[in-house]
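There are 4 protein chains.
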Amino acid sequence: MAEDASEGPAGFAKEQLKSFIERIERLEEEKKAIADDIKDVFAEAKANGFDVKALRAILKIRKEDAEERKELEAIVELYLQALGIFV
Amino acid sequence: MAEDASEGPAGFAKEQLKSFIERIERLEEEKKAIADDIKDVFAEAKANGFDVKALRAILKIRKEDAEERKELEAIVELYLQALGIFV
Amino acid sequence: MAEDASEGPAGFAKEQLKSFIERIERLEEEKKAIADDIKDVFAEAKANGFDVKALRAILKIRKEDAEERKELEAIVELYLQALGIFV
Amino acid sequence: MAEDASEGPAGFAKEQLKSFIERIERLEEEKKAIADDIKDVFAEAKANGFDVKALRAILKIRKEDAEERKELEAIVELYLQALGIFV
DNA sequence: GCTACGGCAGTGGCAC
DNA sequence: GTGCCACTGCCGTAGC
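Chains as they are written, first to last, in numbering that gives the first Met the number 0: chain P, 0 to 86; chain V, 0 to 86; chain U, 0 to 86; chain G, 0 to 86.
Okay, here's the thing in structure tokens:
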């Protein structure tokens, strides 16, 4: 037989391609489901009288604080390394 | 005491707010984890010689097809219901 | 003469197109020149014993602080508006 | 006095550091201003009926051509130099 | 050369 | 029904 079992007439791994496509599509479905869940939570919060825009602002600030903290730790680490020669 | 135990001095349900915030943050973490997984799959596909841009194009086409199909089904359903009155 | 002097046989404003293209190319050159200047400054700093990575970290933090400050002002404004009914 | 007047207690040239940071921030502002100008030109072109995507494609092609030409010239130059030994 | 990041454009949902 | 805002995906740029 002239060709590898894993490759079709087109000369590439058709099954592998199919697999990648399907894995991604599956993951994207999951991602979308979670995005929908998030929407639901906002809707529920709103139904309980919370201001969605304000909630978003809070989430944003908390996210940025967390990131900034990580960055700060990184830069401290960086400085410590830079100073390491003197320690 | 004039106010409900679930409400603090600020006059709103602090615990409830906290709950909403945390639920959303948790979901966003999950979403991000999946996004990372998708990235990994693309990377793996690339490592296996596939063109990522082409993969994206395929995914896009399939997605559009799926949506068109859903729309078609929806409209067919609508017609069937409309006809149902007479059937 | 059947056609406007500003339009060629292709039916659109060739000169105008040329003008847009050249304006953008000129601006992109300027942009690149500045990017190169920035690179030079980093190189100079490095030659003076500064850690480029640390410089970048500082710049990033300063940039984010400035942005965050703007956002904070925006959210304060938001709150003030929300409270406006009580003022 | 053990240390240079230009260095503070921290043992490095604080003023120099400040200078580098500010020079870079200034240049980045200029760069951003130009990027905004470019945006404006695209917007203007669009308002005049041009397809922005097509404009970008043209710019890309011209840029690649220019780069290829430069590379070609560089290699020709290299050859000429190599041959120069024997000429 | 590849990877990661940031900015921009297009799309969809929400409020008015 | 229209306009506005947020989200996602895409592209070009910058760093390792």
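Cβ atoms here follow ideal geometry from the backbone N, Cα and C, with glycine treated the same way.
Since we're looking at a predicted model, the values are computed, not measured.
* Closest by C-alpha distance to residue 74/P, when choosing among 71/U, 65/U, 52/U -> The residue you call residue 74/P lines up with position 75 of the first sequence. Closest by alpha carbon: 52/U.
* Asked: From the beta carbon of residue 53/U, is the nearest beta carbon of chain P less than 9 Å away?
  -> Position 54 of the third sequence, counting from 1, holds the residue named residue 53/U. Yes, residue 53/U lies at the interface with chain P (some Cβ there is under 9 Å from its Cβ).
* Which chain G residues are close to residue 50/U, counting only those with a beta carbon under 9 Å from its beta carbon? -> Locating residue 50/U in the third sequence gives position 51, counting from the first residue. Within chain G, no residue comes near residue 50/U; the closest Cβ sits about 10 Å away, beyond 9 Å.
* residue 34/G: contacting residues in chain U (beta-carbon distance under 7 Å) -> The count along the fourth sequence starts at 1 and reaches residue 34/G at position 35. Going along chain U in sequence order, the residues near residue 34/G (Cβ under 7 Å) are 30.
* **Proximity test, Cβ basis, 9 Å: residue 21/P and chain U** => Reading the first sequence from its first residue, position 22 is the one you call residue 21/P. Look at residue 21/P: its C-beta is not under 9 Å from any C-beta on chain U.
* Asked: For residue 20/U, which of 65/G, 15/G, 30/G, 61/G has the nearest alpha-carbon?
  -> The residue labelled residue 20/U in the question sits at position 21 within the third sequence. Checking every option, the nearest Cα to that of residue 20/U belongs to 61/G.
* **Three CB pairs or more closer than 8 Å across the stretch 41-52 of chain U and the stretch 53-72 of chain G** => no
* Asked: Is it a yes or a no for the stretch 24-41 of chain V touching the stretch 23-36 of chain P, going by three-plus beta-carbon pairs under 8 Å?
  -> The answer is yes - the stretch 23-36 of chain P touches the stretch 24-41 of chain V, with three or more Cβ pairs under 8 Å.
* Burial state of residue 44/P, where buried means 16 or more other Cβ atoms lie within 10 Å -> Here residue 44/P refers to the residue found at position 45 of the first sequence. By the 10 Å Cβ count, residue 44/P comes out buried.
* Asked: Terminal residues of the continuous alpha helix (DSSP H) containing residue 83/G?
  -> Within the fourth sequence, numbered from 1, the residue matching residue 83/G stands at position 84. That run of the alpha helix (DSSP H) goes 51-83.
* How close, in whole Å, do the beta carbons of residue 63/U and residue 67/P come, if the pair is a contact with beta carbons under 8 Å? -> If you number the third sequence from 1, residue 63/U lands on position 64. If you number the first sequence from 1, residue 67/P lands on position 68. About 7 Å; that satisfies the 8 Å criterion.
* Asked: According to the Cβ coordinates, are residue 70/U and residue 59/P closer than 9 Å?
  -> As a position in the third sequence, residue 70/U is number 71, starting the count at 1. As a position in the first sequence, residue 59/P is number 60, starting the count at 1. Yes, these two residues count as a Cβ contact at 9 Å.
* To do: Starting from residue 34/G, follow the alpha helix (DSSP H) in both directions and report where the run begins and ends.
  => By 1-based counting over the fourth sequence, the position of residue 34/G is 35. For residue 34/G, the enclosing alpha helix (DSSP H) covers residues 13-46.
* Asked: Does the beta carbon of residue 59/P sit closer than 9 Å to a beta carbon anywhere in chain U?
  -> Taking the first residue of the first sequence as position 1, residue 59/P is located at position 60. Output row for residue 59/P: interface = yes.
* Asked: What residue from 41/P, 82/P, 81/P, 17/P has the CA that sits closest to residue 17/V's CA?
  -> The count along the second sequence starts at 1 and reaches residue 17/V at position 18. Among 41/P, 82/P, 81/P, 17/P, the Cα nearest to that of residue 17/V belongs to 41/P.
* Asked: Straight-line CA distance for residue 30/V to residue 30/G?
  -> Counted from its first residue, the second sequence places residue 30/V at position 31. Counted from its first residue, the fourth sequence places residue 30/G at position 31. So the two alpha carbons sit approximately 35 Å from each other.
* To do: Find the residues of chain U that neighbour residue 26/G, judging by a C-beta separation of less than 8 Å, and give them in chain order.
  => The sequence position of residue 26/G within the fourth sequence is 27, counting from 1. The contacting residues are 33, 36, 37, 40.
* Asked: Quick one: Cα of residue 78/P to Cα of residue 12/P, how far?
  -> On the first sequence, residue 78/P is found 79 positions in, with the first residue counted as 1. On the first sequence, residue 12/P is found 13 positions in, with the first residue counted as 1. Taking the straight line from one Cα to the other gives about 49 Å.
* residue 82/V to residue 46/V, Cα distance in whole Å? -> By 1-based counting over the second sequence, the position of residue 82/V is 83. By 1-based counting over the second sequence, the position of residue 46/V is 47. Distance between the alpha carbons of residue 82/V and residue 46/V is about 54 Å.
* Asked: When the Cα atoms are used, what is the spatial distance from residue 22/U to residue 80/V?
  -> Numbered from 1 along the third sequence, position 23 holds the residue referred to as residue 22/U. Numbered from 1 along the second sequence, position 81 holds the residue referred to as residue 80/V. So the two alpha carbons sit approximately 59 Å from each other.
* Asked: Any idea if residue 84/V is buried or exposed, counting beta-carbon neighbours within 10 angstroms, 16 or more meaning buried?
  -> Here residue 84/V corresponds to residue number 85 of the second sequence, with the count starting at 1. By the neighbour-count rule (16 or more Cβ atoms within 10 Å), residue 84/V is not buried but exposed.
* Closer than 9 Å to chain V by CB, residue 12/P -> Residue mapping note: residue 12/P aligns to position 13 of the first sequence, counting from 1. So yes, residue 12/P belongs to the interface.
* To do: Report yes or no: is there a C-beta of chain P within less than 9 Å of the C-beta of residue 43/V?
  => Start at 1 with the first residue of the second sequence, and residue 43/V comes out as number 44. For residue 43/V, the answer is yes, since a Cβ of chain P falls inside 9 Å of its Cβ.
* Check whether the Cβ of residue 16/V lies closer than 9 Å to any Cβ atom in chain P. => Position 17 of the second sequence, counting from 1, holds the residue named residue 16/V. So, interface residue.
* Asked: Does residue 79/U get closer than 9 Å to chain P when you measure Cβ to Cβ?
  -> Residue numbering aside, residue 79/U sits at position 80 when the third sequence is read from its first letter. For residue 79/U, the answer is no, since every Cβ of chain P falls outside 9 Å of its Cβ.
* With 9 Å set as the bound, which would you pick, yes or no: does the beta-carbon of residue 63/U sit closer than that to a beta-carbon of chain P? -> Looking up residue 63/U in the third sequence gives position 64. Taking Cβ atoms only, chain P reaches closer than 9 Å to residue 63/U, which makes this a yes.
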